[in-house]
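Following the numbering used here, the numbering of the sequence shown begins with 775 at its first residue and continues without gaps.
Virtual Cβ for every residue (Gly too), placed ideally from N, Cα, C.
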Amino acid sequence: MLDYCIRAAGPDDLDGARAVMLDTVYRDFATGYVPRWHADIIDPAAAYLAPARHTLLVALAPDDGQIVATAALDSRGPVHPPNPRHLAERYPSGETAQLRRVYVRPAHRRRGLARHLVAELLAFAAADGGYRAAYLHTDPAVPGAEAFWRSLGKVVHDERDDAAGGQGIMHFELPMGR
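Now the structure itself:
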């Protein structure tokens, strides 16, 4: 984590944040960019900067100041479908801080950036006062994703255990540290 600058994103950070996000969905996910899932990547200002209860964090590299990591939070709970109904009911929009876009460029991984970004998001959610839970979902096929999120929270549903396999996604709740 040495010398990385982590801060709330501003308008001048959006191109760099968008580049990290798009690179990640193309490099690390089998899907690439899918508009119905990734619209916030194209317009992060509307998704994360405009709403008061949302945030987008960026991490800047110490050597050149380039954005090398992102993490976002919004007040939208998981939607059914495609997510299981019981999760949409357990984590309703408005009461749920959903963590999104916790992405770190490969050259900057294994330095504690994602863990620090998540801690900042959880502190933001706790300070808001209106969130009762912090939720996220992840694709366990992404190398390191399952172990990382297990180290921070508890699994509330693993779609790989569903009869039909669902989407193969894992759903987590994280403590907000109130």
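Between the C-alpha atoms of residue i and residue j, what's the straight-line distance to the nearest angstrom?
| i | j | result |
| --- | --- | --- |
| A820 | R884 | 31 Å |
| L910 | L776 | 27 Å |
| H860 | P866 | 10 Å |
| Y822 | D814 | 8 Å |
| T798 | H882 | 13 Å |
| A824 | V853 | 21 Å |
| P785 | V916 | 29 Å |
| G790 | Y800 | 16 Å |
| D817 | D935 | 34 Å |
| G903 | P949 | 14 Å |
| T805 | A919 | 16 Å |
| G851 | G839 | 33 Å |
| P809 | L796 | 12 Å |
Please list the terminal residues of the continuous beta strand (DSSP E) segment that includes residue i.
| i | result |
| --- | --- |
| Y909 | A907 to T912 |
Between which two residues does the alpha helix (DSSP H) harbouring residue i extend?
| i | result |
| --- | --- |
| T798 | L788 to R801 |
| R879 | Counting along the chain, R879 falls outside any alpha helix (DSSP H), and DSSP gives it neither H nor E. |
| V953 | Any property of residue 953 remains undetermined from this structure, which presents the chain solely from 775 to 952. |
| H812 | P809 to I816 |
Measure the CB-CB distance between residue i and residue j and report whether it falls below 7 Å.
| i | j | result |
| --- | --- | --- |
| C779 | L834 | yes |
| E933 | G942 | yes |
| Y877 | V930 | no |
| R875 | V842 | no |
| Q872 | D848 | yes |
| L895 | A845 | yes |
| W923 | F898 | no |
| A782 | T829 | yes |
| A901 | G951 | no |
| E869 | R827 | no |
Who pairs with residue i in a beta bridge, going by DSSP?
| i | result |
| --- | --- |
| A846 | L830 and R874 |
| L948 | A908 |
| I780 | A833 |
| H860 | Answer by DSSP bridge pairing: none, since H860 is not bridged. |
| I841 | L834 |
| V929 | F946 |
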